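Comments concern the structure below.
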Amino acid sequence: MSKIPGTKTETNLHSAFAGESMANRKYLYFAKIARKLGNEDVAKLFEETAHQETGHAFAHLELMYPPADLTVEKLLELAIEGELYETNEMYPSFEKIALEEGRLDAVAEFQEQGAESKEHAETFMAAAKRFKALQRVEAYHAGRYQKALDKVKDEAAVEDEQARKSA
Numbered sequence: 001m002s003k004i005p006g007t008k009t010e011t012n013l014h015s016a017f018a019g020e021s022m023a024n025r026k027y028l029y030f031a032k033i034a035r036k037l038g039n040e041d042v043a044k045l046f047e048e049t050a051h052q053e054t055g056h057a058f059a060h061l062e063l064m065y066p067p068a069d070l071t072v073e074k075l076l077e078l079a080i081e082g083e084l085y086e087t088n089e090m091y092p093s094f095e096k097i098a099l100e101e102g103r104l105d106a107v108a109e110f111q112e113q114g115a116e117s118k119e120h121a122e123t124f125m126a127a128a129k130r131f132k133a134l135q136r137v138e139a140y141h142a143g144r145y146q147k148a149l150d151k152v153k154d155e156a157a158v159e160d161e162q163a164r165k166s167a
């Protein structure tokens, strides 16, 4: 999808996106804690900064996945791919390491997130299936309407020809 596949710039864009995305989530978490600790001003500062980090992340995404190159079908494919990676590779490997290190709290978290990623993948797959079905239905209707329009045009052409001959 990226216009610069396999380059260091592509790798850097992915890293920059990850960093900005993590900063966004971290600052929102910090805002929540600051608010619980009674400091509304600091909470708002973290929220404002998190919003800016989102803008940075979106700018990187636009370079990685140019909007002109995307379709609804492609968006769903990318989402499914990401969720399947999380559920089949990422979280199981993280869970294994956490188990080896005795971090049962992390094991439980990774299992829960892996299960949710599987649900997300299934939801996106169902949406992709519905989208494809709708495309077929729309194509069917478009074909029917085109035939009807062609028939009307043909009839109008015949009437015009008859009117010219009569005149």
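Everything in the sequence shown is counted per the working numbering, starting at 1 for the first residue and increasing by one.
Beta carbons: idealized from backbone N, C-alpha and C, even for Gly.
Note that the structure is a prediction, hence the values are computed from the model and not measured.
Query raised in the report: Can you tell me the Cα-Cα spacing of V72 and R164, whole angstroms?
Result: 49 Å
Query raised in the report: Touching or not, the stretch 112-128 and the stretch 88-95, by the rule of three or more beta carbon pairs under 8 Å?
Result: Contact holds: three or more Cβ-Cβ distances are below 8 Å.
Query raised in the report: How would you label E20, buried or exposed, when you count the other beta carbons within 10 angstroms and need 16 or more for buried?
Result: Answer is buried; the Cβ neighbour count reaches 16.
Requested in this report: Could you please give the first and the last residue of the uninterrupted alpha helix (DSSP H) stretch that includes A167?
Outcome: Where A167 is concerned, there is no enclosing alpha helix (DSSP H), given that its DSSP letter is neither H nor E.
Query raised in the report: Where do the ends of the alpha helix (DSSP H) carrying A59 lie?
Result: E40 to M64
Query - Whole-Å CB distance - L84 paired with A121, under 8 Å assumed - result: Sure, about 5 Å apart at Cβ, within 8 Å.
Query raised in the report: Leaving out five residues before and five after L99 in sequence, what residues of the same chain have Cβ atoms less than 6 Å from its Cβ?
Result: V107
Query - Residue environment, L76, which counts as buried when at least 16 other CB atoms sit within 10 Å - result: buried
Query raised in the report: Given R130, which residues of its chain have a CB within under 7 Å of its CB, disregarding the five upstream and five downstream residues?
Result: none
Query raised in the report: If we ignore side chains and look at the alpha-carbon of each, how far apart do K44 and A18 end up?
Result: 23 Å
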